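Enquirer: One structure is given below, represented as structure tokens, and several questions about it will come after.
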Amino acid sequence: MKRALAAAALLALVAPAYAEPSVAARVSSNEATLSQSITLVVEVSGAAQIAAPPDFSIPDFQVERAGQTRSFQWINGQSSSLVGYNYILTPTKTGTLQIPAISMTVDGKTYTTQPILVVVHPDGGTSAPAAGAGGAGENRAVDVPAEGLRPLFMTATVDTDRAYVGQQIVLKVQFLRRPDIQLASQARYSEPDLTGFLVEPMKQQKYATTINGAQYEVDELPYALFPTSDGEFAIGGAQIEVAVRAQSDPFDPNSFFQNFFGRSQVARLTTRSMPIHVRALPRNKPANFSGAVGRFKMTAKTDATTAEVGKPINLTLTVTGVGNIKALKEPFLPEPRGFRRYETISTSQVSNDGKFLHGSKDFKILLMPQASGNLVIPSAQFPYFDPASNEYVVATTPEIPITVKPGNLAAAGDVTAGGPAPAGAPQAGTAEGIRVLERDIRFIKTGRVTPITAPIYLRGWFILFNLIPPLFAVTAFAVRKGRERRMERPEEYRARTSGRRARKRLALARRAMSEPSAATFYGEIQAAITGFIADRLGAAAAGLTRDEIEATLLRWKADEETSRTIRDLLDRADMARFASASFTDDDRGSALAAAAAAITRLEKLG
């Protein structure tokens with residue numbers, strides 16, 4: 001009786017800790033151009049059970065799902081959960097468009113969001129800056145957090161959430177604080193997860209801005225990101241941890257730092273994860289395309305317009321523009337007739353002023369004239385893809401005429417451009433042929449000397465006997481090196497053997513199929529799946545959460561069927577272990593087969 005009363009009292013205390021569920025929708029921007037996309041986020045807070053993520057179509061928009069985010073907090077006995085469903089919306093016409101109300105079933109009840117208006121401008125126009133930006137300082141656009149302005153907050157933005165492979169995406173992480181907020185220590189910054197991108201950090205920016213009449217000091221960390229493959233990616237959240245000195249003004253309604261007798265408080269700020277849709281480059285690639293994406297131009301120059309046979313000249317091809325300058329490959333230059341070409345030397349000059357990555361790259365080519373006459377250095381070609389116009393462009397240089405005079409190497413006979421060398425004359429640009437004058441050493445016997453019997457070191461049994469010790473030594477060395485590699489790089493070894501360990505777990509699950517309780521069987525199924533993913537990530541299986549599993553499957557580009565199978569198997573495992581649910585033998589057999597198939601598919605992805 002006492003236990004029942006205690007349990008009832010505990011439930012009475014815990015029940016009020018859960019807030020009433022709510023559903024809301026928001027967009028990354030209420031203005032866009034026809035070629036831009038916006039992100040729609042449907043957020044569900046305080047929910048214990050969600051029927052299914054919403055699938056819907058919106059008139060005048062193309063809708064693509066972009067994954068989901070989850071968060072859970074337990075503070076002072078109060079719990080809060082937040083699930084966000086992300087969608088990429090691409091407008092199909094201009095004007096004032098409406099995102100209609102979206103309905104969701106949460107905890108058995110239906111909730112509806114408010115409609116949202118979006119203004120779509122024609123291409124070539126400019127979308128409005130972030131709300132409230134402007135005033136003093138440089139007046140740069142700053143995204144205002146969904147929860148509103150605070151004396152200290154952090155935000156992250158990208159200039160586009162739809163890009164091509166290799167296209168530059170500018171990510172800006174901004175840390176904003178009111179001038180009256182004093183930092184008690186240096187901030188500890190954790191960079192966002194940028195898996196799937198080549199990253200070039202740019203120059204940090206410091207400036208002041210005014211938002212809704214309030215002044216802020218801004219520290220901006222810009223990055224130039226270049227997607228390495230097509231698909232759906234996510235820019236992870238950045239984090240800052242900083243100690244803030246408590247303020248003594250009790251009349252400031254906006255301040256969330258109260259006076260603690262001059263002590264400091266630790267603030268932990270994070271940015272939201274941002275989905276990025278990366279498209280493959282069009283297939284109609286021009287000849288000699290080397291993967292350059294951006295906007296470029298090319299020039300060519302030589303250090304001389306006249307030369308002599310055998311005396312080199314330098315040709316410099318300079319590619320200038322916006323994009324991944326360091327990764328640019330050498331332009332295509334047809335083989336110049338009458339010249340010998342040597343190895344190319346390249347140098348880069350990159351400017352990272354915080355706005356975007358741009359610069360130039362020089363390709364210096366040494367050309368050695370091999371013939372006299374009026375020669376021509378042909379036009380060079382540099383194909384690239386321009387994401388602004390969605391088409392391939394070929395930058396070219398004009399031909400460069402070079403007048404070549406006869407040199408010392410051509411003294412034996414003038415060699416004109418395109419003409420053959422005179423008979424008996426050495427080739428221009430080459431050394432004179434070597435002539436044997438005399439042989440001063442002569443052998444006494446010129447015949448072949450052969451031994452009467454084969455030496456012992458050429459006999460088969462002797463060779464085999466001497467090969468045994470080296471074979472043993474090589475084998476022992478290989479075994480020792482393998483053991484050392486496993487100890488030095490345990491994560492790599494875990495990832496390489498993750499499939500084998502997962503199948504051992506499935507074998508244990510097969511043995512547990514006949515047990516009355518389903519907990520053991522589904523426990524092994526869950527251990528096989530989470531252990532496989534943890535081994536591939538180099539993480540601890542015990543600390544792997546459902547959100548991390550969802551994010552990993554999205555990063556690995558797992559198909560919807562595989563993701564749904566893994567979610568279903570993990571849900572079954574939780575029901576069997578914690579709710580004592582019963583399952584038939586057919587259910588267990590199908591679950592075992594589904595788990596084996598899912599792990600096989602994941603091996604090809606991760």
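According to my numbering, the stretch in the sequence shown is residues 1 to 606, in order. Positions of the beta carbon are idealized from the N, C-alpha and C atoms, including for glycine. Predicted model only: the values in this text are computed from it and were never measured.
(1) What are the partner residues of T155, as DSSP defines its beta bridges?
(2) Spatial neighbours of R177 within its chain, please: CB distance less than 7 angstroms, with the 5 preceding and 5 following residues excluded, ordered by chain position.
(3) Given R188, which residues of its chain have a CB within under 8 angstroms of its CB, disregarding the five upstream and five downstream residues?
(4) Got a sec, what are the start and stop residues for the alpha helix (DSSP H) G523 sits in?
(5) In terms of alpha-carbon separation, which member of M202, P91, E335 and G236 lies closest to L40?
(6) Are the segment 396-408 and the segment 368-378 touching, with three or more C-beta to C-beta distances below 8 angstroms?
(7) Would V118 pass as a contact of S22 if the rule is Cβ separation under 9 angstroms?
(8) From what residue to what residue does the alpha helix (DSSP H) around Y493 run?
(9) Less than 9 angstroms between the C-beta atoms of K301 and T318, yes or no?
(10) Measuring only the C-alpha atoms, how far is A184 from V244?
(11) Quick one: is P179 buried, meaning 16 or more other Cβ sit within 10 Å of its Cβ, or exposed?
(12) Quick check: what's the CA-CA separation for G291 versus S229?
(13) How would you write the range of the beta strand (DSSP E) that S622 sits in, first residue to last?
(14) Do you know offhand how far E550's Cα is from I533's?
(15) Three-state secondary structure (DSSP) at S590?
(16) Give a yes or no on whether the C-beta atoms belonging to F385 and P227 are separated by under 9 angstroms.
(17) To which residues of the same chain is D559 closer than 8 angstroms at the C-beta, ignoring the five residues directly before and after it?
(18) Nearest-angstrom Cα distance between D195 and R65?
(19) May I ask you to report which of helix, strand or coil DSSP gives A307?
(20) Please state whether DSSP places S348 in a helix, a strand or coil.
(21) Tell me whether R459 sits in a helix, a strand or coil according to DSSP, three-state version.
(22) What separation, rounded to the nearest whole angstrom, lies between the Cα atoms of Q174 and T155?
(23) Buried or exposed, going by whether 16 or more other CB atoms sit within 10 Å of the CB of Y457?
(24) Let's see if you can read the secondary structure: which residues bound the beta strand (DSSP E) around R279?
(25) With a 10 Å radius around its C-beta and 16 neighbouring C-beta atoms as the bar for buried, classify D535 as buried or exposed.
(26) Residues in the same chain with beta-carbon distance under 8 angstroms from Q68, minus the five sequence neighbours each way, listed in chain order, please.
(27) Going by DSSP, name the residue or residues bridged to L225.
(28) Do the CB positions of G538 and A495 come within less than 9 angstroms of each other?
(29) Measure the alpha-carbon distance for I116 versus S389 and round it to whole angstroms.
Expert: Let's see:
(1) Answer is Q174.
(2) P151, L152, Y216 and E217
(3) I240, E241 and V242
(4) Run containing G523: A518 to L537, per the alpha helix (DSSP H) assignment.
(5) P91
(6) yes
(7) no
(8) P490 to R496
(9) In contact: K301 and T318 (Cβ atoms closer than 9 angstroms).
(10) So the alpha carbons of these two residues sit roughly 5 angstroms apart.
(11) Around the beta carbon of P179, fewer than 16 other beta carbons sit within 10 angstroms, so the residue counts as exposed.
(12) 12 angstroms
(13) This structure cannot settle anything about residue 622, because the visible part of the chain is limited to 1 through 606.
(14) 11 angstroms
(15) Helix, per DSSP.
(16) no
(17) R601
(18) The residue you asked about is not Asp; residue 195 is Thr in the sequence shown. Whole-angstrom Cα-Cα distance: 20 angstroms.
(19) strand
(20) strand
(21) coil
(22) A straight-line Cα-Cα distance of about 5 angstroms links Q174 and T155.
(23) exposed
(24) M274 to R279
(25) buried
(26) Cβ neighbours of Q68 beyond the five flanking positions: P53, V83, G84, Y85, N86 and E550.
(27) I169 and V199
(28) Closer than 9 angstroms, so yes.
(29) 30 angstroms
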